[in-house]
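Student: My questions will all concern the structure given below.
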Amino acid sequence: MEKNRVPMREQPVEDRIHNFDEVPLGFSAEEAVAEAKRCLQCANPPCMGHCPVLVDVKKFVKEIAEHRFKDAYETLKTSNPIPSIAGRVCPQENQCEGVCTLGRVGEPINIGKLESFIGDWAMDNDIEEPLDIVERPEKVAVIGSGPSGISCSVDLRKHGYQVTVYEALHKPGGVLQYGIPEFRLPKQIVDRELGYLEKLGVAINLNRIVGLNVSFEEILDEFDAVFVCTGAGAPRFMRIPGEELNGVYSANEFLIRTNLMKAYMFPEEYDTPIVVGRRVAVIGAGNVAMDAARCALRYGAETHLLYRRTRTEAPARAEEFEHAVQEGVIFRELVNPTKIRGRDGWVESLDMVRMVLGEPDISGRRRPIPFKGSEFREKFDTIIEAIGTTPNRLFLERAEGLEVNKWGGIQVDENLQTRIPGVFAGGDSISGGATVIQALGEGRTAAQSIHRYLSGKN
Amino acid sequence: MSNFRITEKSDLNSQDYLIEVEAPHVAERLRPGQFVVLMTHEKGERIPMSVQKAEDGRITMFIKRLGKTSLELDDYKVGDSFYQVIGPMGNAFPIQRYGKVVWCSDLVCGHAENYAYCEALHKIEGNHVISIQTFPTKDDVYSEKELRSVSDEYYVTTIDGSYGAKGHYIDVLRNLLREREIDIVLGCGDIKMLKEMADLTRQHGVQARSVLRQIMVDATGMCGACRVFIDGVMKLTCIDGPLFDAHKVNFDEVINRLGMFKKPEGVAKEAYLQGREG
Chain A
6 MEKNRVPMRE QPVEDRIHNF DEVPLGFSAE EAVAEAKRCL QCANPPCMGH
56 CPVLVDVKKF VKEIAEHRFK DAYETLKTSN PIPSIAGRVC PQENQCEGVC
106 TLGRVGEPIN IGKLESFIGD WAMDNDIEEP LDIVERPEKV AVIGSGPSGI
156 SCSVDLRKHG YQVTVYEALH KPGGVLQYGI PEFRLPKQIV DRELGYLEKL
206 GVAINLNRIV GLNVSFEEIL DEFDAVFVCT GAGAPRFMRI PGEELNGVYS
256 ANEFLIRTNL MKAYMFPEEY DTPIVVGRRV AVIGAGNVAM DAARCALRYG
306 AETHLLYRRT RTEAPARAEE FEHAVQEGVI FRELVNPTKI RGRDGWVESL
356 DMVRMVLGEP DISGRRRPIP FKGSEFREKF DTIIEAIGTT PNRLFLERAE
406 GLEVNKWGGI QVDENLQTRI PGVFAGGDSI SGGATVIQAL GEGRTAAQSI
456 HRYLSGKN
Chain B
4 MSNFRITEKS DLNSQDYLIE VEAPHVAERL RPGQFVVLMT HEKGERIPMS
54 VQKAEDGRIT MFIKRLGKTS LELDDYKVGD SFYQVIGPMG NAFPIQRYGK
104 VVWCSDLVCG HAENYAYCEA LHKIEGNHVI SIQTFPTKDD VYSEKELRSV
154 SDEYYVTTID GSYGAKGHYI DVLRNLLRER EIDIVLGCGD IKMLKEMADL
204 TRQHGVQARS VLRQIMVDAT GMCGACRVFI DGVMKLTCID GPLFDAHKVN
254 FDEVINRLGM FKKPEGVAKE AYLQGREG
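If you read the sequences in order, they're chains A and B. Just so we're on the same page, our numbering is the position in the first sequence counted from 1, plus 5. Just so we're on the same page, our numbering is the position in the second sequence counted from 1, plus 3.
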């Protein structure tokens, strides 16, 4: 038994901090087979049970080990419509890889990279899963083209429903498009995986903002069922003094400018600008904070990550955190910003206070408490707030009849149905900020519920 | 294939021009107060634009030759198509009886809104619509005839006094507020003048609204770039505006935030002009 993983080749740090190209270079076929061969093929594999979409990990890894890539692809696709994406962005260490039996004696199987290897291989070789869709007349609207919208649309379409997706932006994919940077998830991969929806016959209406330029009533009138997956696209701000200053961004703005609008190719190729100072503070320690910090670094800034708790409590994926630190992001724990100071309308410095960890709070994490008398000030010229997002009230304020839960998300029952019969909701629009794979899982659950709802009607 | 074909394009003066575009989905739904997001090409910015008219599946916009995109727009001819015209965005202004309404716009912007609001308000019984426009000089004046036709009273001022009254709309407004019973004042344009408009109306106890045109990216409430503080509470111009109670806006912050991308915008304009020459 091989205890160590087949090493993943990566772009060298000194190169990658100057470009937005993907960091891991991906397995070759030989490397993938070698990595897959390490799998113990457990009698009772724990990995599958820890996957939000129940990917049959044992089976697809075995198929790779036996060099049956096409079979591996079909296995993956039965539970995950976007393996190239999920393999890149899932927090595997908390899921399949976290419980891998091999992890007790050595390194767990690199399930994520095997998954994206197969997804990429299938795309490169134009492999398509066999489809035999029996058409049904019922029409379903999916509001949002992010992860849960994708998985719900795919499953519903496979059941034969007529699916129309509404997307507010000029490109589909939701957070995959605007949120996750190129170096972590190349947009070519996103475009190719989304191309699958069109191949299936899902209609995607871009630039349609339900509640604004298409009314929710119109949708209810036209469709037999609706899946609301409008995400958690609205930024949260700390509400500290100075947030009106120039040089203060929400992580959302910073990432939308960078990922969707490609500000890193301004002005030669793209027209949307970005202003990044010499010394940047990113506030937060989730994946979004890591993404923003690594982008800031690539714009040439000395980049500090400020977090009020410690590394142990940081919600970011291990790989993102490691990559950020390798690249030179300065991680500073137990500090909390209290005031942004400006000069001539621009950020000049940040007031902070040191924190200590107190008793665990409801989330189980130890609560950070300000350490009296430890206030200090440092010069920064750009501040990026990455402290979370909330469901966009644009839709919620204009969609009559939906109930909002205490987290600002849409209230649903155990079948993801809202209080309006036939209207279901999932993804970040109900939970207010989770992972891509959880959203994929909810999209699939919603598709099952919608299928039950529509077939029960007949 | 794009649907957003340019059907008319003409100069309004040496700096401003009019563009009419086919955008049936937008034209059908747009109401006064709402705006659109224009993308000239796939790699372009998402630019919020005011709309003067929306009818017969087309919308009309007034554009000022300022930055790269507005200059680039000059290269588009009738028959060409834009990549996207997205909307309507933002909130519509409730068209109802207000009484004596004054609408002000100046050399910076706002004439499109001036027309759109007046046209709708003028049709409501009980409204007396007063429209005021300000331009630098006589040759710059546009939309006068159209605005006269949708208002009960109309004033034009020029900064140099070469046409209409000499001065800014604020001078006309000052007199109106002193001499008449005005119910509401609306305005769009130079932020410094809007601030003055807010101060004036506050002194007279007259309610006032100002259209803000903050920098936006998605314009759907996602990025927070267009945040403004209304009575100290953060609001987003894209989904809470673009019209706000002028007495509650912090105009100094509004002016400051409009300058955030001045430097790169200058760079882009320079590069574009050089490219066009070369």
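Here a beta-carbon is modelled for each residue, glycine too, at the ideal position from N, C-alpha and C. These figures come from a predicted structure and were not determined experimentally.
Tell me which residues share the same chain as A/A268 and place their Cβ nearer than 8 Å to its Cβ, disregarding the 5 neighbours each side in the sequence.
Tutor: Closer than 8 Å at Cβ, skipping near neighbours: R262, Y275, T277, P278 and I279.
Student: Should B/M4 be labelled buried (16 or more other beta-carbon atoms within 10 Å of its own) or exposed?
Tutor: Because the pLDDT of B/M4 is 42, which lies under 50, any placement of that residue in the model is unreliable, and the number read from its coordinates should be weighed accordingly. The residue is exposed, with fewer than 16 neighbouring Cβ atoms inside 10 Å.
Student: Rounded to whole angstroms, what is the Cα-Cα separation between A/D433 and A/V66?
Tutor: When rounded, the distance between both Cα atoms is 30 Å.
Student: Smallest Cα separation from A/V145: which of A/I116, A/D229 and A/G117?
Tutor: It is A/D229 whose Cα lies nearest to the Cα of A/V145.
Student: In chain order, which beta strand (DSSP E) runs of at least 3 residues are fully inside the stretch 166-191 of chain B?
Tutor: Taking only runs of at least 3 residues, the beta strand (DSSP E) segments lying wholly in the stretch 166-191 of chain B are 187-191.
Student: At a Cβ threshold of 7 Å, is A/L399 touching chain B?
Tutor: A/L399 counts as touching chain B.
Student: For chain A, check one thing: does any of its Cβ atoms lie closer than 7 Å to the Cβ of B/T223?
Tutor: Cβ-Cβ to chain A under 7 Å: yes for B/T223.
Student: Alpha carbon to alpha carbon, how far is A/V94 from A/E338?
Tutor: For A/V94 and A/E338, the distance between alpha carbons rounds to 24 Å.
Student: Is any beta-carbon of chain A found at less than 7 Å from that of B/G47?
Tutor: Chain A, which has a Cβ nearer than 7 Å to the Cβ of B/G47, makes this yes.
Student: Within the 7 Å Cβ cut-off, does A/G350 reach chain B?
Tutor: Answer yes: the Cβ-Cβ gap between A/G350 and chain B drops below 7 Å somewhere.
Student: Over what stretch of residues does the beta strand (DSSP E) that includes B/Q136 continue unbroken?
Tutor: Where B/Q136 is concerned, the enclosing beta strand (DSSP E) stretches over H131 to F138.
Student: Are the stretch 177-190 of chain B and the stretch 198-210 of chain B in contact at 8 Å, needing three or more beta carbon pairs?
Tutor: Touching, yes.
Student: Quick check on this structure: which residue in B/A30, B/K71 and B/I233 has the alpha carbon closest to the alpha carbon of B/Q277?
Tutor: When each option's Cα is compared against that of B/Q277, the closest is B/K71.
Student: Can you check the stretch 63-140 of chain B for any alpha helix (DSSP H) of at least 4 residues that lies completely inside it and give the ranges in chain order?
Tutor: Segments of the alpha helix (DSSP H) lying fully in the stretch 63-140 of chain B: 71-75 and 114-125.
Student: Is DSSP giving A/G117 helix, strand or coil here?
Tutor: Note: A/G117 maps to helix in three-state DSSP.
Student: List the endpoints of the continuous beta strand (DSSP E) containing A/E134.
Tutor: It is not in any beta strand (DSSP E) - A/E134 carries neither H nor E in the DSSP assignment.
Student: Name, going along the chain, the residues of the stretch 84-98 of chain B whose beta-carbon falls closer than 7 Å to a beta-carbon of chain A.
Tutor: Residues passing the 7 Å Cβ filter: Q87, I89, G90, P91 and M92.
Student: Measuring alpha carbon to alpha carbon, tell me which of A/V207, A/L174 and A/F25 ends up nearest A/M270.
Tutor: Nearest option by C-alpha distance: A/F25.
Student: What does B/R32 touch in chain A if you count any residue whose Cβ is under 8 Å from its own?
Tutor: Result: N218.
Student: Using the C-alpha atoms, what's the distance from A/P88 back to A/Y183?
Tutor: Approximately 19 Å, taken between the alpha carbons.
Student: Give the single residue among A/A451, A/K42, A/A298 and A/G347 whose Cα lies nearest to the Cα of A/W148.
Tutor: Residue 148 of chain A is actually Ile in this sequence, not Trp. For A/I148, the nearest C-alpha among the options comes from A/A451.
Student: Quick one: grab the DSSP three-state call for A/N420.
Tutor: A/N420: coil per DSSP, three-state reduction.
Student: At which residues does the beta strand (DSSP E) containing A/E102 begin and terminate?
Tutor: A/E102 -> no beta strand (DSSP E), and no H or E assigned at all.
Student: Spatial neighbours of A/E307 within its chain, please: CB distance less than 6 Å, with the 5 preceding and 5 following residues excluded, ordered by chain position.
Tutor: Hits under 6 Å: R284.
Student: Mind checking the stretch 253-271 of chain B against chain A and listing, in chain order, the residues whose C-beta falls within less than 8 Å of any C-beta there?
Tutor: Listed by position along the chain: N253, E256, N259, R260, G262, M263, F264, K266, P267, E268, V270 and A271.
Student: Which residues of chain B have a Cβ atom closer than 9 Å to the Cβ of A/N210, listed in chain order?
Tutor: Under the 9 Å cutoff, chain B gives no residues; its nearest Cβ is about 10 Å from A/N210.
Student: Determine the direct distance from the alpha carbon of A/R403 to that of A/L81, and round the result to whole angstroms.
Tutor: Cα to Cα, the separation comes out at about 38 Å.
Student: Counting only runs that start and end within the stretch 366-427 of chain A, where is the alpha helix (DSSP H) found for 4 or more residues in a row?
Tutor: Whole alpha helix (DSSP H) segments, 4+ residues: 398-403.
Student: How would you list, in chain order, the residues of chain A whose beta-carbon sits under 7 Å from the beta-carbon of B/I242?
Tutor: The answer, in chain order, is L399.
Student: Could you check which residue in B/Q55, B/I89 and B/G93 has the C-alpha nearest to that of B/E122?
Tutor: For B/E122, the nearest C-alpha among the options comes from B/Q55.
Student: What is the rounded straight-line gap between the Cα of B/R8 and the Cα of B/L74?
Tutor: So the two alpha carbons sit approximately 18 Å from each other.
Student: Using 7 Å as the threshold, is the C-beta distance between B/D109 and B/D163 below it?
Tutor: No, these two residues do not count as a Cβ contact at 7 Å.
Student: Take A/V441 and list the residues in its own chain whose beta-carbon comes closer than 6 Å to its own, dropping the five residues that flank it on each side.
Tutor: Answer for A/V441: V94 and P152, listed in chain order.
Student: What in chain B is Cβ-close to A/H309, meaning under 7 Å?
Tutor: Within chain B, no residue comes near A/H309; the closest Cβ sits about 21 Å away, beyond 7 Å.
Student: Kindly give me the distance between the Cβ atoms of A/E203 and A/Y166, rounded to whole angstroms, as I take these residues to be in contact under 8 Å.
Tutor: Their Cβ separation, rounded to whole angstroms, is 16 Å, which puts A/E203 and A/Y166 out of contact at 8 Å.
Student: Using Cβ-Cβ distances below 7 Å, what residues of the stretch 171-204 of chain A are close to chain B?
Tutor: Residues A173, L174 and H175.
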